[in-house]
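If you count the sequence shown from 1, position 31 lands on 29 in my numbering, and the numbers rise without skipping. The beta-carbon is built from N, C-alpha and C at its ideal position, and this holds for glycine as well. What follows is one structure encoded as structure tokens, with my remarks underneath.
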Amino acid sequence: MPGRRRYQHDALLQDAELALRLENQLPKLPGLTKIRFTPETGTLLLEYTCTDYYIDALIQYLEQVIKIPPAHARYGKLGADIRRCFRRMNQEIFATTNRNLDLRTLLALSFIFWGGSKRWTMGHRPTGPQMIWWAYSLLKGRS
């Protein structure tokens, strides 16, 4: 019985050009029966008969391809390198905490604790609420 996986990636959302670029750059894997990108929803559908190891390798490959900026990227090389560094750090935190925390949540929690300690233990008024507001703003961006 074939396996089936669906992945969602924000970079694919409403980006038909990237979906086409990924389809052209995909390696041919034995046992991969169907690959379909849907830019409207930002999803990738895989149907396969091979082992999960090959599918995991394919997803890692796609992550690397998505990280490479196209010829006319909206970020320069330095900007793309910085984004790639933080994305890698986010993935490491996510994997290390057994999918419980990511970089954004960790920063928000640290702002909450730091702001709370400044607000209540040290009596600092302007920066404590500011830290709490930053934490709230980071968490509010989630959907």
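Considering only the alpha carbon of each residue, which of the options lies closest to residue i?
i	options	result
Trp132	Thr103, Lys32, Asp50	Thr103
Gln62	Gly121, Tyr51, Arg86, Thr39	Arg86
Ala35	Arg4, Thr47, Tyr134	The displayed chain sequence assigns Phe, not Ala, to residue 35. The residue with the shortest Cα to Cα distance from Phe35 is Arg4.
Leu99	Leu137, Asp50, Leu11, Pro37	Leu137
Ala55	Pro28, Phe111, Met129	Pro28
Tyr46	Gly126, Trp118, Pro127, Thr31	Thr31
Gly1	Arg97, Tyr51, Asp8	Tyr51
Leu11	Leu42, Leu24, Glu21, Ile33	Leu42
Give the range of the alpha helix (DSSP H) segment to which residue i is assigned.
i	result
Thr103	101 to 118
Gln89	75 to 94
Give the range of the beta strand (DSSP E) segment to which residue i is assigned.
i	result
Glu38	Careful: Glu38 lies outside any beta strand (DSSP E) and carries neither H nor E.
Arg3	1 to 6
Distance check for residue j and residue i, CA to CA, integer angstroms please.
i	j	result
Thr143	Leu18	Because the chain in this structure spans residues -1 to 141, residue 143 falls outside the shown range and cannot be described.
Thr49	Thr95	26 Å
Ser135	Gly114	16 Å
Gly77	Ile64	15 Å
Once DSSP output is grouped into helix, strand and coil, what is the label at residue i?
i	result
Gln128	helix
Arg19	helix
Leu137	helix
Gly24	A quick correction: the sequence has Leu, not Gly, at residue 24. Leu24: coil per DSSP, three-state reduction.
Quick one: using the 10 Å Cβ neighbour count with 16 as the cut-off for buried, is residue i buried or exposed?
i	result
Ile130	buried
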